[in-house]
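A quick write-up on the structure given underneath.
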Amino acid sequence: MVSIDVWNASVDFPIFDAKSRSLKKLALGKVGGKIESEGRVPIIEALHDITLSLKDGDRVGLVGHNGAGKSTLLRLLAGIYEPTRGHSRIIGKVAPVFDLGVGMDPEISGYENIMIRGLFLGMSRKQMETRVDDIAQFTELGDYLQMPLRTYSTGMRVRLALGVVTSINPEILLLDEGIGAVDAAFMAKARDRLKDLVARSGLLVFANHSDEFLAEFCDKAIWMDEGHVKMFGGLREVLTAYKGFDPFERHQQHEETPVLSGNGGE
Amino acid sequence: MQATSTLDQAEAPPAVKSRSFKRAFADVREAWDHRELWGHLGWQDIKQRYRRSVIGPLWITISMGTTALALGLLYSVLFTTNVPTFLPYVTVGFIVWNFILGCITEGTDVFIANEGLIKHLPAPITVHVMRMVWRQVLFLAHNLVVYALVLAIFFTALNHPYTITKGGIEHPGLSWTMVLAIPGFVLLAVNAVWIALLFGVISTRFRDIPPVVNSFINLVFFMTPIVWDTGVLQKVTGSGSDNDWRMLIAELNPVYHFVEIVRAPLIGHAIDWHHWAIVGGFTVVGWLAALVILRNYRARVSYWV
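Residue numbers (the numbering used here), protein chains in the order written: chain H, 44 to 309; chain F, 720 to 1024.
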């Protein structure tokens, strides 16, 4: 049974500037008498008092302005950040697809990156070897898979990352923005796979600005604002509150236009 | 607004706290379960470093060979020792030292260098340490070729009792004790893991540590009996007795003991069990310290990098 539970969790980042990250200052600070240890290192409160309960079958969209804490929340849900206050409990195998530039080695080939991603996501080498052909076919990268990743465009990286993640049967899938960088034709192809995956895997959390993507994959939504969960509920309901109008009314009028026209929705 | 009812929300926060020895042990254990991952990454690191060079990782072997040859010849002249016995001594000492050096200097950098992976993929932090130590093991494996060559050339000088420095202790020569190098090295690698964990976490928080370590590590090299041997100290003190304070130059240096448990068997030196006892002590104390650090700061590493 897959689930993510978070109780009153906060994520605070200490910001060490060059000076306070040194031993010198720590030592001198002791000699010089009392300095508020609270005040010495500035803290950014990225997430504040989050309480969430996600379970099997939840497909949750994540909306909010830039800097509202969407990416940090995804990392909290992935278990990368353990809450500084409060608790979290993650049951299930997590597959995150975050910032596509980082976490992949630009100097090694696409194949190698597929392998390493897979191993990080808890697959064995043998299991990955059987999947490599499938991934190669899905991503349509062909001979490019032999090339170093630095020669790839952003869209090609998205393809690669999606290819790996959709092939490994994760239980919890966390997608950050950036997925929109692929072209519509590929997205249409990825959609089936993602849907299939979402159907199999327990849980999806998907941060995106595009109403179409959200409508496609999610039925619930979280609205993040200034590190709080401002609203958690049905997708349409939350989006209406977030945008101030109902985004899906518009779509029902333009039924003929392809849903994924690649205009990014905003 | 909560869409889920209160029933859905699990009743109470779990009893397992983030800061517990259970989680610290779990981190190490899960890292071990991920051995395919760090095994692969370690190889990848080596292959990548020599990706576009013609002879590839053979450069590791060549650079070690030339360094050992030059240092061995130079210091055997300086100390007026016998080249056929002194050159293998320097070679093996230098190979082992290189492993220790790599583990310490790269250990301080292990989490900082892996910032991207730590922030993007959930994995036990010990994985990054294991990858680094495994990479150092592979470097050492490349350097063993040099050892094999040196051993082949100077075998006749080492297979009977010999002394390195005139008046120093007599060594029994190569024998079955050679196999002791294997447990010796395993013990060394086990220590490398805690050293990298400890230094890695502390350096991630205090960024002064890596430069400090890098500037003092050269001093440690010269203080450790690698290009000189303890026989020289014994000659200086006259009697060869262990009680002279000048012998402490070597004895108080932990690196000496770590080097010795691997080096002595490989070149047929007398096996001195007190080195093993000291290394054993370090293993226990060091791992305890690393586990305490892991317990308290494991979850902070992703915040600090």
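The beta carbon of each residue, even a glycine, is placed where N, CA and C say it ideally should be. Nothing here was measured: the structure is a model prediction, and the numbers come from that model.
Point to revise | Where A745 (chain F) meets chain H, residues with beta-carbon distance less than 9 Å | key: As a working mapping, residue 745 (chain F) is identified with position 26 in the second sequence. Simply none; closest approach about 12 Å.
Check your understanding: To the nearest whole angstrom, what separates the beta carbons of A89 (chain H) and T115 (chain H), a pair I think is in contact under 8 Å?
Key -> Along the first sequence, read from residue 1 onward, the residue named residue 89 (chain H) stands at position 46. Along the first sequence, read from residue 1 onward, the residue named residue 115 (chain H) stands at position 72. With a Cβ gap of about 4 Å, A89 (chain H) and T115 (chain H) count as contacting.
Check your understanding: Does any residue of chain H bring its CB to less than 9 Å from the CB of E979 (chain F)?
Key -> Start at 1 with the first residue of the second sequence, and residue 979 (chain F) comes out as number 260. Closer than 9 Å: no.
Exercise for review: Quick one: using the 10 Å Cβ neighbour count with 16 as the cut-off for buried, is R14 (chain H) buried or exposed?
Suggested key: Since the displayed chain H opens at 44 and closes at 309, residue 14 (chain H) lies outside it and no answer follows.
Review point. Run through DSSP, which three-state label would K136 (chain H) get?
Key: As a working mapping, residue 136 (chain H) is identified with position 93 in the first sequence. Three-state DSSP puts K136 (chain H) in coil, outside helix and strand.
Exercise for review: Note down, in chain order, each residue of its chain lying with its Cβ closer than 7 Å to the Cβ of N933 (chain F), except the 5 sequence neighbours on either side.
Suggested key: The count along the second sequence starts at 1 and reaches residue 933 (chain F) at position 214. Cβ within range, chain order: T824.
Check your understanding: Does the distance from the CB of T943 (chain F) to the CB of A911 (chain F) come in under 9 Å?
Key -> Taking the first residue of the second sequence as 1, we reach residue 943 (chain F) at position 224. Taking the first residue of the second sequence as 1, we reach residue 911 (chain F) at position 192. No, the Cβ-Cβ distance between T943 (chain F) and A911 (chain F) is not below 9 Å.
Review point. How would you list, in chain order, the residues of chain H whose beta-carbon sits under 7 Å from the beta-carbon of H847 (chain F)?
Key: Residue mapping note: residue 847 (chain F) aligns to position 128 of the second sequence, counting from 1. Near H847 (chain F) there are no residues of chain H at all, since even the closest Cβ is about 11 Å away, more than 7 Å.
Review point. Using a beta-carbon distance cut-off of less than 7 Å, what residues from the segment 1002 to 1024 of chain F approach chain H?
Key: A1018, S1021 and Y1022
Exercise for review: Kindly list, in the order they appear in chain F, the residues whose Cβ is closer than 7 Å to that of L316 (chain H).
Suggested key: Since the first and last residues shown for chain H are 44 and 309, residue 316 (chain H) lies out of range.
Exercise for review: Let me know the secondary structure DSSP gives V74 (chain H) once reduced to three states.
Suggested key: Numbered from its first residue, the first sequence carries residue 74 (chain H) at position 31. Interpretation of V74 (chain H) is limited by its pLDDT of 44, a score under 50 that renders its predicted location unreliable; the figure taken from the coordinates is listed afterwards. Looking at V74 (chain H) - three-state DSSP - the assignment turns out to be helix.
Check your understanding: Would the beta-carbon of L203 (chain H) fall within 9 Å of that of L192 (chain H)?
Key -> For the purposes of this step, residue 203 (chain H) is taken as residue 160 along the first sequence, with counting starting at 1. For the purposes of this step, residue 192 (chain H) is taken as residue 149 along the first sequence, with counting starting at 1. In this structure, L192 (chain H) lies closer than 9 Å to L203 (chain H) by Cβ.
Point to revise | CB contact flag (V865 (chain F), T810 (chain F), <9 Å) | key: If you number the second sequence from 1, residue 865 (chain F) lands on position 146. If you number the second sequence from 1, residue 810 (chain F) lands on position 91. Closer than 9 Å, so yes.
Check your understanding: In the segment 765 to 828 of chain F, which residue ranges form an unbroken alpha helix (DSSP H) of at least 4 residues, counting only runs that do not cross its ends?
Key -> 777 to 797 and 802 to 827
Review point. Mind checking whether D101 (chain H) and M44 (chain H) have CB atoms under 9 Å apart?
Key: Here residue 101 (chain H) refers to the residue found at position 58 when the first sequence is read from its first residue. Here residue 44 (chain H) refers to the residue found at position 1 when the first sequence is read from its first residue. No.
Check your understanding: Does any residue of chain F bring its CB to less than 9 Å from the CB of P57 (chain H)?
Key -> As a position in the first sequence, residue 57 (chain H) is number 14, starting the count at 1. Taking Cβ atoms only, chain F reaches closer than 9 Å to P57 (chain H), which makes this a yes.
Practice item. Would you list the residues sitting across from M942 (chain F) in a DSSP beta bridge? Key: The residue you call residue 942 (chain F) lines up with position 223 of the second sequence. None; M942 (chain F) has no bridge partner.
Exercise for review: Say whether chain F places a C-beta atom closer than 9 Å to the C-beta of I159 (chain H).
Suggested key: Taking the first residue of the first sequence as 1, we reach residue 159 (chain H) at position 116. It does: the Cβ of I159 (chain H) has a partner Cβ on chain F nearer than 9 Å.
Check your understanding: Can you find a C-beta in chain H that's less than 9 Å from the C-beta of Q767 (chain F)?
Key -> As a first step, residue 767 (chain F) must be located in the second sequence, where it is residue number 48. Output row for Q767 (chain F): interface = yes.
Review point. Which residues, in order along the segment 163 to 175 of chain H, keep a beta-carbon less than 7 Å from a beta-carbon of chain F?
Key: F163, S167 and R168
Point to revise | Separation of W266 (chain H) from W853 (chain F), as counted between CA atoms | key: Residue numbering aside, residue 853 (chain F) sits at position 134 when the second sequence is read from its first letter. Residue numbering aside, residue 266 (chain H) sits at position 223 when the first sequence is read from its first letter. So the alpha carbons of these two residues sit roughly 44 Å apart.
**Study point:** Pairwise C-alpha distance: D746 (chain F) and D752 (chain F)
**Key:** For the purposes of this step, residue 752 (chain F) is identified with residue 33 of the second sequence, where counting begins at 1. For the purposes of this step, residue 746 (chain F) is identified with residue 27 of the second sequence, where counting begins at 1. Their backbone Cα atoms lie some 10 Å apart in a straight line.
**Study point:** Contacts around V846 (chain F), its chain only, beta-carbon distance under 6 Å, and the 5 residues preceding and following it disregarded
**Key:** Taking the second sequence and counting its residues from 1, the one referred to as residue 846 (chain F) is at position 127. A750, H753 and W757, listed in sequence order.
**Study point:** Status (buried if at least 16 other CB within 10 Å, exposed otherwise) for K113 (chain H)
**Key:** Start at 1 with the first residue of the first sequence, and residue 113 (chain H) comes out as number 70. Its Cβ being crowded by 16 or more others within 10 Å, K113 (chain H) is buried.
Practice item. Return helix, strand or coil for G161 (chain H), following the three-state DSSP convention. Key: Here residue 161 (chain H) refers to the residue found at position 118 of the first sequence. In this structure, G161 (chain H) counts as helix in the three-state DSSP scheme.
Practice item. Out of H:L117, H:L97 and H:S96, point me to the one whose CA is closest to V106 (chain H)'s CA. Key: The count along the first sequence starts at 1 and reaches residue 106 (chain H) at position 63. If we check each option's Cα against that of V106 (chain H), H:L117 comes out closest.
Exercise for review: Tell me whether T785 (chain F) is buried or exposed, calling it buried when 16 or more other Cβ atoms sit within 10 Å of its Cβ.
Suggested key: Within the second sequence, residue 785 (chain F) is the residue found at index 66, counting from 1. By the neighbour-count rule (16 or more Cβ atoms within 10 Å), T785 (chain F) is not buried but exposed.
Point to revise | Anticipated Cβ contact below 8 Å, L278 (chain H) with C261 (chain H), distance rounded | key: In the first sequence, counting from the first residue as 1, residue 278 (chain H) sits at position 235. In the first sequence, counting from the first residue as 1, residue 261 (chain H) sits at position 218. At roughly 5 Å, the Cβ-Cβ gap stays under 8 Å, so L278 (chain H) and C261 (chain H) are in contact.
Check your understanding: Can you tell which of F:W992, F:I831 and F:G950 has the C-alpha that lies nearest to the C-alpha of F798 (chain F)?
Key -> For the purposes of this step, residue 798 (chain F) is taken as residue 79 along the second sequence, with counting starting at 1. Considering only alpha carbons, the answer is F:G950.
Review point. How is S152 (chain H) classed by DSSP in three states: helix, strand or coil?
Key: The count along the first sequence starts at 1 and reaches residue 152 (chain H) at position 109. In this structure, S152 (chain H) counts as strand in the three-state DSSP scheme.
Review point. Going by C-alpha distance, which of F:I921, F:I779 and F:L1007 is nearest V1024 (chain F)?
Key: Counting from 1 along the second sequence, the entry for residue 1024 (chain F) is found at position 305. Of the candidates F:I921, F:I779 and F:L1007, the one whose C-alpha sits nearest the C-alpha of V1024 (chain F) is F:I921.
Review point. Is the Cβ of L836 (chain F) closer than 9 Å to any Cβ of chain H?
Key: Counting from 1 along the second sequence, the entry for residue 836 (chain F) is found at position 117. Chain H contact via Cβ: present.
Review point. Between which two residues does the alpha helix (DSSP H) harbouring N1015 (chain F) extend?
Key: Counting from 1 along the second sequence, the entry for residue 1015 (chain F) is found at position 296. Counting along the chain, the alpha helix (DSSP H) containing N1015 (chain F) begins and ends at W992 to Y1016.
Review point. Within the chosen definition, does the segment 145 to 159 of chain H reach the segment 169 to 179 of chain H through at least 3 CB pairs nearer than 8 Å?
Key: yes
Practice item. Below 8 Å between beta carbons is the criterion; list the residues of the segment 773 to 803 of chain F that meet it against any residue of chain C, in chain order. Key: Within the model displayed, chain C is absent; protein chains H and F are what it includes.
Review point. Cβ of E155 (chain H) less than 9 Å from any chain F Cβ?
Key: Within the first sequence, residue 155 (chain H) is the residue found at index 112, counting from 1. Yes, contact with chain F.
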